[in-house]
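Trainee: This is the structure, below, for whatever I ask next.
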Amino acid sequence: MIAYKNILYCTDFSEDAEIALHHAVDLARRHGARLHILHCPHSTLRYMPTETDEGAEPGDVTYASPELLTKLTEDLKTRYAAKVEGIDVQWVVLAGTPFVEILRYVRENDVDLVVMGMEGASLNEDTHYGSTVEQVAKRCPCHVMAIRNPERTYTL
């Protein structure tokens, strides 16, 4: 039997990601694994800077700040804490291109399984499944579990 020690659950808060969470939690419990919960807002996420942002002028629109990433991490904990009670959890929010940041995180943290939803929040009807899961599955050095939404019809 394969024993997982570090399971990475990737979420974009989509319906498919929420379904995948149940599988990630179940596997983490069964294997006694650490569960890394990662959210990666795309690098195009913009915000209005605050007076604490060095070098930013009022009215500038800039990319994700450390303050915003901290807030998103707290939001992640609030959203999932009750669902992962009793599991060793690492909370992670990274800004960038999601599949690039996910792959970097996998390599830097000895992840042996990635769990994610088949299709994400930015579902493009021209693709058969989410481009992030496709890119991760093609390039990932460990197993990738892409969880289907049982209520969705997938077509070729």
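Residues 11 to 166 in the numbering used here are what the sequence shown spells out, letter by letter. We put the beta carbon where it would ideally sit given N, CA and C, even for glycine.
Taking the C-alpha atoms as reference points, what is the distance between V35 and Y14?
Mentor: As a first step, residue 35 is located in the sequence shown; it is residue number 25 there, counting from the start. As a first step, residue 14 is located in the sequence shown; it is residue number 4 there, counting from the start. Between V35 and Y14, the C-alpha separation is close to 12 Å.
Trainee: How should D26 be labelled, buried or exposed, when 16 other C-beta atoms within 10 angstroms of its C-beta is the threshold for buried?
Mentor: Sequence index remark: in the sequence shown, residue 26 carries index 16 (1-based). Result: buried.
Trainee: I need the straight-line Cα distance from N134 to G96, nearest angstrom please.
Mentor: Here the question's residue 134 lines up with position 124 in the sequence shown. Here the question's residue 96 lines up with position 86 in the sequence shown. Unreliable placement is indicated for N134, whose pLDDT of 46 sits below 50; the coordinate value is still reported in the next sentence. Those two C-alpha atoms are separated by around 36 Å.
Trainee: Using alpha carbons as the reference points, say which of R117, L113, L123 and E118 lies closest to Q145.
Mentor: Your numbering for residue 145 matches position 135 in the sequence shown. Considering only alpha carbons, the answer is L113.
Trainee: Could you tell me which whole beta strand (DSSP E) segments of length 3 or greater appear in the region 84-153?
Mentor: List check, beta strand (DSSP E) in window: 99-103 and 123-127.
Trainee: Cutting at 7 Å between CB atoms, please list the residues of its own chain near P151, excluding the five before and the five after it.
Mentor: Taking the first residue of the sequence shown as position 1, residue 151 is located at position 141. Correct list, in chain order: V116 and R117.
Trainee: Are I47 and V99 touching if we call contact CB-CB under 9 Å?
Mentor: Walking along the sequence shown from the start, residue 47 turns up at place 37. Walking along the sequence shown from the start, residue 99 turns up at place 89. Yes. Within cutoff.
Trainee: Given a cut-off of 9 Å, decide if T21 and H52 are closer than it, judged by their beta-carbon atoms.
Mentor: If you number the sequence shown from 1, residue 52 lands on position 42. If you number the sequence shown from 1, residue 21 lands on position 11. Not a contact, by the Cβ cut-off of 9 Å.
Trainee: In its own chain, which residues sit with a C-beta less than 7 Å from the C-beta of A92, not counting the 5 before and 5 after it?
Mentor: Taking the sequence shown and counting its residues from 1, the one referred to as residue 92 is at position 82. Cβ neighbours of A92 beyond the five flanking positions: none.
Trainee: Mind checking whether V126 and V143 have CB atoms under 9 Å apart?
Mentor: In the sequence shown, residue 126 corresponds to position 116, counting from 1. In the sequence shown, residue 143 corresponds to position 133, counting from 1. At residue 126 the sequence reads Met, which differs from the Val that was named. Against a cut-off of 9 Å, the Cβ pair of V143 and M126 comes out as a contact.
Trainee: Could you please give me the residues that DSSP links to T21 through a beta bridge?
Mentor: Here residue 21 refers to the residue found at position 11 when the sequence shown is read from its first residue. In the DSSP output, where bridge partners are listed per residue, T21 has H49.
Trainee: Beta carbon of V94, beta carbon of L123: below 9 Å?
Mentor: Stepping through the sequence shown from its first residue, residue 94 is reached at position 84. Stepping through the sequence shown from its first residue, residue 123 is reached at position 113. Cβ atoms of V94 and L123: not closer than 9 Å.
Trainee: Hey, out of S24, L31 and R44, whose CA is closest to N119's CA?
Mentor: Position 109 of the sequence shown, counting from 1, holds the residue named residue 119. N119 has its Cα closest to that of R44, out of S24, L31 and R44.
Trainee: How long is the line joining the alpha carbons of I12 and L37, rounded to whole angstroms?
Mentor: Along the sequence shown, read from residue 1 onward, the residue named residue 12 stands at position 2. Along the sequence shown, read from residue 1 onward, the residue named residue 37 stands at position 27. So the two alpha carbons sit approximately 11 Å from each other.
Trainee: Look up R158 in the DSSP assignment and say whether it is helix, strand or coil.
Mentor: On the sequence shown, residue 158 is found 148 positions in, with the first residue counted as 1. Coil at R158, not helix or strand.
Trainee: Thinking C-alpha only, which one of I157, T107, Y19 and E129 is nearest L86?
Mentor: Taking the sequence shown and counting its residues from 1, one reaches residue 86 at position 76. It is Y19 whose Cα lies nearest to the Cα of L86.
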